[in-house]
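Chemist: I have a structure here, written as structure tokens, and I will follow up with some questions on it.
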Amino acid sequence: MNNDIFFLLYNLSHKNYFLDKFFIFCAEYFIFVVVIFLFLFIFIKHKNNIRNGLKKIIFIISPAAIGWAFTDVLKSIFDTPRPFMVFEEVKPIFLHGGLDSFPSGHSTFMAALSLSVFYFNKKIGITFFIATLIIGISRIISGVHFPIDIIGGFFIGIIFTFIFEEAFKNRNKF
525 MNNDIFFLLY
535 NLSHKNYFLD
545 KFFIFCAEYF
555 IFVVVIFLFL
565 FIFIKHKNNI
575 RNGLKKIIFI
585 ISPAAIGWAF
595 TDVLKSIFDT
605 PRPFMVFEEV
615 KPIFLHGGLD
625 SFPSGHSTFM
635 AALSLSVFYF
645 NKKIGITFFI
655 ATLIIGISRI
665 ISGVHFPIDI
675 IGGFFIGIIF
685 TFIFEEAFKN
695 RNKF
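The following block contains the structure:
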């Protein structure tokens, strides 16, 4: 089933130059747009109290960054090859340096970030979850991840955020 879903999505690539560029942007660069938007939103919202804004950013980014680092440890344990290493017919639409596929660091980071944002602002959190799905699906379409890698990353990001949230329940008392 993992492979079936992978090929269903991957087969959307290599059909149209502009669509491929869109998928590359979403898979590789959209994460930076999301993070920049987050910083701008928080600093604009807290322009009269930058210190409070910085604390909020640290609280939101921390589980995402720690989760992403944890995925690097897991990748060395699982040592799961990427789709283009498993199937010779898979040609990723962008060069990807890492060879380990499971779990997706991008998905871990974005799921943790989205849930952290959701704790503070439901509407923006939902928007971030949509961005998380777009990034994850684009990484499958691009040929650099299997669906299970993305799903695993989502779960790790959510778990790290729950742990972080539980450890720092009084975050609003900054």
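In my numbering, each residue carries its 1-based index in the sequence shown increased by 524. Where is the CB? At the ideal position from N, CA and C, for every residue including glycine.
1) Taking one C-beta from the stretch 576-593 and one from the stretch 674-692 each time, how about it: are there three or more such pairs within less than 8 Å?
2) Can you tell me whether Lys697 is buried or exposed? The criterion is at least 16 other CB atoms within 10 Å of its CB, across all chains shown.
3) Take the Cβ of Pro627 as the centre, count every other Cβ of all protein chains shown within 10 Å, and call the residue buried at 16 or more, exposed below.
4) Between Asp624, Thr595, Asp596, which lies nearest to Met609 when the distance is taken from Cα to Cα?
5) Can you list, in chain order, the residues of its chain with a C-beta nearer than 8 Å to that of Gly622? Leave out the 5 residues immediately preceding and following it.
6) Who pairs with Pro605 in a beta bridge, going by DSSP?
7) By how many angstroms is the C-alpha of Ala635 removed from the C-alpha of Phe652?
8) Residues in the same chain with beta-carbon distance under 8 Å from Ser537, minus the five sequence neighbours each way, listed in chain order, please.
9) In three-state DSSP terms, what is His630?
10) Anyone know if the C-beta pair for Ile659 and Ile555 falls short of 7 Å?
11) Within its chain, find whatever has a CB closer than 7 Å to the CB of Ile661; leave out the 5 residues flanking it on each side and keep chain order.
12) Which two residues bound the contiguous alpha helix (DSSP H) that contains Lys539?
13) So what's Leu619 in DSSP terms, helix, strand or just coil?
14) Below 7 Å CB to CB, which residues in the same chain sit around Ile674 once its five sequence neighbours on both sides are set aside?
15) In the DSSP assignment, find the alpha helix (DSSP H) that holds Gly649 and state where it starts and stops.
16) Using only the alpha-carbon positions, how far apart do Thr595 and Gly677 sit?
17) Can you check the stretch 558-613 for any alpha helix (DSSP H) of at least 4 residues that lies completely inside it and give the ranges in chain order?
18) Take Phe565 and list the residues in its own chain whose beta-carbon comes closer than 8 Å to its own, dropping the five residues that flank it on each side.
Modeler: Taking the definition as stated:
1) Cβ pair count under 8 Å is three or more, so yes.
2) With a pLDDT of only 45 at Lys697, under 50, the local geometry of the prediction cannot be trusted, and no value is derived from it.
3) Pro627 is buried by the Cβ-count criterion.
4) It is Asp624 whose Cα lies nearest to the Cα of Met609.
5) If we look at Gly622 and ignore the five residues flanking it on each side, its Cβ neighbours are Lys599, Arg606.
6) The partner list for Pro605 (beta bridge, DSSP) reads Asp624.
7) Rounded to whole angstroms, Phe652 to Ala635 spans 8 Å at the Cα level.
8) If we look at Ser537 and ignore the five residues flanking it on each side, its Cβ neighbours are Leu543, Asp544, Phe547, Ile617, Ile665, Ser666, Gly667.
9) DSSP places His630 in the helix class (H, G or I) of the three-state scheme.
10) Annotated as proximal: Ile659 and Ile555, with beta-carbon spacing under 7 Å.
11) So the list reads Leu533, once near-sequence residues are dropped.
12) Unbroken run through Lys539: none, as it is neither H nor E.
13) Here Leu619 carries a coil assignment [DSSP, helix/strand/coil].
14) Contacts found: Ser628, Ser631, Gly660, Arg663, Ile664.
15) Counted as a single uninterrupted DSSP element, the alpha helix (DSSP H) harbouring Gly649 occupies residues 646-665.
16) If I take the Cα positions, the gap works out to 8 Å.
17) Counting whole runs of 4 or more residues, the stretch 558-613 contains the alpha helix (DSSP H) stretches 574-602, 607-610.
18) Result list for Phe565: Ile648, in chain order.
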